[in-house]
Amino acid sequence: MPILKKQISIIVLITFLSGLLPGPLPPRASYAFSVGEEKEVGEKLLTMVRKSFEVIDDPDITQYINGIGQQILGVAGPQYFDYHFFVISDKEFNAFAAPSGLIFIHSGLIEAMNSEGELVSVMAHECGHVTSRHISDRINKSAKTSLGTAALLIAGIAMGGGALSQALITGSMAANAAMNLKFSREDEEEADRLSYKWMQSMKVDPAHMETMLGKMHRISVYRMANIPPYLLTHPEPKQRLGYVQDLIMASGQGSTYTPADDFSFLRVKQRLMVSTKDPANLRALYTRKANEGKDLQSVMAQYGLALIAQAGADYTTAETLLKSVIASYPDRPILKTDLAALYMQSGRTPEALPLLNASQAADPRSSYTKYTLAQALEQTGEQKKALTLYRDLLPELTDHAMLQRTVGNLETRMGRKGVGHYYLGRYFWLEGDSKNAKYHLAATLGDMTVDAPIMTKAKTLLADIIRIEKDM
Numbered sequence: 032m033p034i035l036k037k038q039i040s041i042i043v044l045i046t047f048l049s050g051l052l053p054g055p056l057p058p059r060a061s062y063a064f065s066v067g068e069e070k071e072v073g074e075k076l077l078t079m080v081r082k083s084f085e086v087i088d089d090p091d092i093t094q095y096i097n098g099i100g101q102q103i104l105g106v107a108g109p110q111y112f113d114y115h116f117f118v119i120s121d122k123e124f125n126a127f128a129a130p131s132g133l134i135f136i137h138s139g140l141i142e143a144m145n146s147e148g149e150l151v152s153v154m155a156h157e158c159g160h161v162t163s164r165h166i167s168d169r170i171n172k173s174a175k176t177s178l179g180t181a182a183l184l185i186a187g188i189a190m191g192g193g194a195l196s197q198a199l200i201t202g203s204m205a206a207n208a209a210m211n212l213k214f215s216r217e218d219e220e221e222a223d224r225l226s227y228k229w230m231q232s233m234k235v236d237p238a239h240m241e242t243m244l245g246k247m248h249r250i251s252v253y254r255m256a257n258i259p260p261y262l263l264t265h266p267e268p269k270q271r272l273g274y275v276q277d278l279i280m281a282s283g284q285g286s287t288y289t290p291a292d293d294f295s296f297l298r299v300k301q302r303l304m305v306s307t308k309d310p311a312n313l314r315a316l317y318t319r320k321a322n323e324g325k326d327l328q329s330v331m332a333q334y335g336l337a338l339i340a341q342a343g344a345d346y347t348t349a350e351t352l353l354k355s356v357i358a359s360y361p362d363r364p365i366l367k368t369d370l371a372a373l374y375m376q377s378g379r380t381p382e383a384l385p386l387l388n389a390s391q392a393a394d395p396r397s398s399y400t401k402y403t404l405a406q407a408l409e410q411t412g413e414q415k416k417a418l419t420l421y422r423d424l425l426p427e428l429t430d431h432a433m434l435q436r437t438v439g440n441l442e443t444r445m446g447r448k449g450v451g452h453y454y455l456g457r458y459f460w461l462e463g464d465s466k467n468a469k470y471h472l473a474a475t476l477g478d479m480t481v482d483a484p485i486m487t488k489a490k491t492l493l494a495d496i497i498r499i500e501k502d503m
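Basically the numbering used here = 1-based index in the sequence shown + 31.
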């Protein structure tokens with residue numbers, strides 16, 4: 032995002048968050064930040080994050096990140112909130128748990144990771160903060176801090192501690208108030224304990240926590256001179272590292288863990304890096320790694336080179352590289368989806384269809400394959416079949432803006448204008464355009480041919496938009 036656009040977005044975010052829940056909190060003895068209030072703040076914060084920052088909406092990346100999140104929640108037990116996991120296109124080395132189960136992971140943090148286990152350790156730690164309601168506890172303990180000011184701090188920290196982040200915080204509150212809201216050492220230990228336990232239940236080696244905290248410590252030493260202590264959301268990584276090492280030592284060698292398979296992680300990492308970084312810099316890095324051998328890291332560097340060639344419309348090179356990757360891992364159907372997407376981009380959609388059908392048959396759960404197949408069917412005139420697949424994806428990709436727009440346009444073309452207006456309304460809302468969102472939702476409500484479930488959804492969304500706009 033260009034700097035000027037980002038600055039403007041932050042100003043909008045400050046203005047909005049300042050009015051989330053006005054006024055200072057009553058004394059802690061007579062007040063507790065309720066689950067309902069936390070949900071409301073989280074809902075409004077998510078709305079503004081989607082308006083102001085570049086959230087990665089790739090179905091492939093979204094499904095992978097949310098799949099990891101659901102595995103963690105599967106061993107964590109019942110939760111207060113419906114969790115949402117997002118990847119933000121941002122170079123900062125940061126991840127943050129916001130109110131009501133919103134977990135944001137910056138692309139810069141994933142770039143620094145080498146394994147899926149490291150990603151699991153970070154996401155489990157953030158889920159630990161949400162499960163333990165550390166955010167609401169911090170707000171409760173800041174009795175003299177308004178919830179609007181607390182939300183400003185949350186937004187500033189979530190940005191990763193850069194110059195604009197510091198301006199956001201220092202321009203809105205005193206440092207000592209911010210210190211009251213950062214996670215305490217006890218909070219961090221509790222989140223680490225939960226993360227450690229959940230990783231063991233998932234059969235993921237908690238040693239990945241140690242390697243990730245080691246990276247955090249090295250980076251924190253470098254950044255300490257530039258970032259005030261009240262912006263460090265996860266303080267004292269060196270002490271956390273020692274604590275986790277003690278946990279590992281205390282557990283002994285009796286635990287058994289599933290052998291690491293980092294194929295999916297490395298594939299998603301390359302896709303994320305190619306979409307967010309300068310291809311020229313990546314090309315040199317990937318070329319060096321691709322020439323180091325035939326191990327997974329080297330093959331996935333070759334995969335990255337294929338993506339770079341595809342992005343530059345060098346389809347012949349991209350196809351050669353991708354077929355070489357497939358030859359190394361013929362049992363990974365998602366690579367056939369990648370090749371099909373390449374064929375579609377280069378105008379060879381009929382050749383893509385057999386690959387997509389084979390990939391879907393091998394892995395029917397892949398949202399990325401189903402989405403790409405639907406696109407191919409739409410391009411070849413099979414609109415009814417395409418719409419069926421797109422509809423199947425709606426529960427899985429509820430926040431994917433382009434999916435909403437595609438369904439809306441197809442429904443309209445097939446004569447169901449009221450239904451089309453509903454999905455276009457959702458599209459514009461996810462894109463931050465409330466004016467057009469309200470127009471389309473009102474058009475849905477004015478169409479008496481729309482069935483009851485869609486009508487109810489349109490009424491609910493329109494009411495939510497109006498309620499949220501009152502605080503803007």
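A virtual CB, placed ideally from N, CA and C, is assigned to each residue, including glycine. A quick note: this is a predicted structure, and the numbers were derived from the prediction, not measured.
- Judged by beta-carbon spacing, D121 lies beyond the 8 Å limit of R302, meaning their Cβ atoms are not closer than that value.
- At a Cβ-Cβ threshold of 8 Å, E69 and S131 count as neighbours.
- Taken through DSSP and simplified to helix, strand or coil, F459 comes out as helix.
- Between V72 and Y111, the C-beta spacing is not below 8 Å.
- Fewer than three Cβ pairs drawn from the stretch 402–422 and the stretch 452–466 lie within less than 8 Å of each other, which leaves the two stretches out of contact.
- Counting other Cβ atoms within 10 Å of its Cβ, G100 reaches 16 or more and is therefore classed as buried.
- Within the stretch 209–253, the complete alpha helix (DSSP H) runs of at least 4 residues fall at 216–232.
- Ranked by Cα distance from H165, the options S146, R216, M230, T487 are led by R216.
- One alpha carbon belongs to A405, the other to E221, and they sit about 44 Å apart.
- If you ignore the 5 residues before and after S465, its C-beta comes within less than 7 Å of the C-beta of I496, E500, all in its own chain and listed in chain order.
- H165 carries a helical assignment under DSSP once its states are collapsed to helix, strand and coil.
- Under the three-state reduction of DSSP output, F135 falls in the strand class.
- The beta carbons of S398 and L428 sit about 6 Å from each other, so the pair counts as a contact at 8 Å.
- Nearest C-alpha to R224 among T162, S167, M144: T162.
- Take I103, set aside five residues on each side of it, and the residues of its chain with a beta-carbon closer than 8 Å to its own are V151, M154, A155, C158, W229, M233, in chain order.
- By the beta-carbon neighbour count (other beta carbons within 10 angstroms, threshold 16), R271 is buried.
- Per DSSP, the unbroken beta strand (DSSP E) holding A128 starts and ends at 126–129.
- Going by DSSP, I119 is part of the beta strand (DSSP E) stretching over 115–119.
- In this chain, the alpha helix (DSSP H) harbouring L420 covers 414–424.
- In this structure, A337 places its C-beta atom within 8 Å of the C-beta atom of A349.
- For the stretch 294–358, the full-length alpha helix (DSSP H) segments reaching 4 residues or more read 294–307, 310–321, 327–342 along the chain.
- Under the three-state reduction of DSSP output, V481 falls in the coil class, being neither helix nor strand.
- About 4 Å separates the CB atoms of A332 and Y317; that is less than 8 Å, so the two are in contact.
- Within the DSSP bridge table, the entry for V86 names I119 as partners.
- Judged by DSSP in its simplified three-state form, P361 adopts coil rather than helix or strand.
- Nearest to A371 by C-alpha distance, out of S359, L353, P361, Y360, is L353.
- Sequence-distant Cβ neighbours of A342 in its own chain, meaning closer than 7 Å and more than five residues away, are V305, P310.
- S377 carries a coil assignment under DSSP once its states are collapsed to helix, strand and coil.
- Comparing C-alpha distances from E147 to each of A128, N125, H239 shows the shortest one belongs to H239.
- Pairing L472 with A489 gives a Cβ-Cβ distance under 8 Å.
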